[in-house]
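For reference, the structure discussed in these notes is given below.
Residue numbers (the working numbering): -4 to 175.
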């Protein structure tokens, strides 16, 4: 409810996506802003599921979107405007633990975030957390950092369309999953 209540109609939410086994809880897309990959945890599952494994899964999904799920991203960047080189559109990865404090989540993630060797602003914008405080105080711009940015010149509707192919189950699969 927090996300759907605070985001406008430019955003699409895809729940329980598969992405070749990467199982992302929510994928948010906006052709003007970017994408956000969110996985939800409670404190026990965040600790028991091995932070390294959780983190690697999100980073792998972020890395594979321009490679596997929307290869037009790399083609566009390399052929139409070489100045972008290895850049990619805004793709944020998020660990959400709605019952935990920001400090506790960041303490658990500290080592993994340090491995990225990024400044705090980049971590907050592209590798963020959604905590109890963020939800309770309706800080949607902390939860979805791309809301703080202008329109992305690297994001295109066709990139989102490529990804949708992987995010939306065909009707027969959906029906089969409902019966189980």
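Don't be surprised by glycine CBs; every beta carbon is placed ideally from N, CA and C.
Distance, residue j Cα to residue i Cα
i: residue 128; j: residue 71; result: 39 Å
i: residue 35; j: residue 49; result: 10 Å
i: residue 32; j: residue 69; result: 19 Å
i: residue 104; j: residue 4; result: 32 Å
i: residue 93; j: residue 102; result: 15 Å
i: residue 131; j: residue 153; result: 35 Å
i: residue 100; j: residue 116; result: 17 Å
i: residue 113; j: residue 85; result: 15 Å
i: residue 7; j: residue 47; result: 29 Å
i: residue 160; j: residue 54; result: 20 Å
i: residue 175; j: residue 91; result: Reliability of the predicted coordinates at residue 175 is poor, the pLDDT of 42 falling under 50, and no value is obtained from them.
i: residue 146; j: residue 120; result: 15 Å
i: residue 134; j: residue 28; result: 18 Å
i: residue 162; j: residue 9; result: 7 Å
i: residue 58; j: residue 67; result: 14 Å
i: residue 150; j: residue 141; result: 12 Å
Same chain, Cβ closer than 7 Å to residue i, neighbours up to 5 away in sequence not counted
i: residue 11; result: 20
i: residue 95; result: 38, 126 and 127
i: residue 122; result: 88, 108 and 111
i: residue 52; result: 17
Chain-order list of residues whose beta-carbon lies under 8 Å from that of residue i (same chain, five-residue window excluded)
i: residue 158; result: 22, 24, 30, 60, 64 and 65
i: residue 56; result: 14, 17, 19, 32 and 88
i: residue 124; result: 89, 90, 91, 92, 97, 100, 101 and 104
Exposed unless 16 or more other CB atoms sit within 10 angstroms - verdict on residue i
i: residue 41; result: buried
i: residue 148; result: exposed
i: residue 136; result: exposed
i: residue 139; result: buried
Residue i beta carbon near the ligand ATP (any heavy atom closer than 6 Å)
i: residue 159; result: Although the ligand ATP was asked about, the structure shown includes no ligands whatsoever.
Same chain, Cβ closer than 6 Å to residue i, neighbours up to 5 away in sequence not counted
i: residue 173; result: Residue confidence for residue 173 is low, a pLDDT of 48 falling below 50, so the modelled location carries little weight; the figure read from the coordinates is stated next. Excluding positions up to five away in sequence, the list is empty.
i: residue 155; result: 24 and 26
i: residue 143; result: 136
Should the segment 95 to 109 be called in touch with the segment -4 to 4, which here means at least 3 C-beta pairs below 8 Å?
no
Extract the residue ranges of the alpha helix (DSSP H) inside the segment 51 to 118, only unbroken runs of 4 or more that lie entirely within it.
67 to 74 and 97 to 110
Mind listing, in chain order, the continuous alpha helix (DSSP H) runs of no fewer than 4 residues lying wholly within the segment 134 to 167?
135 to 138 and 152 to 162
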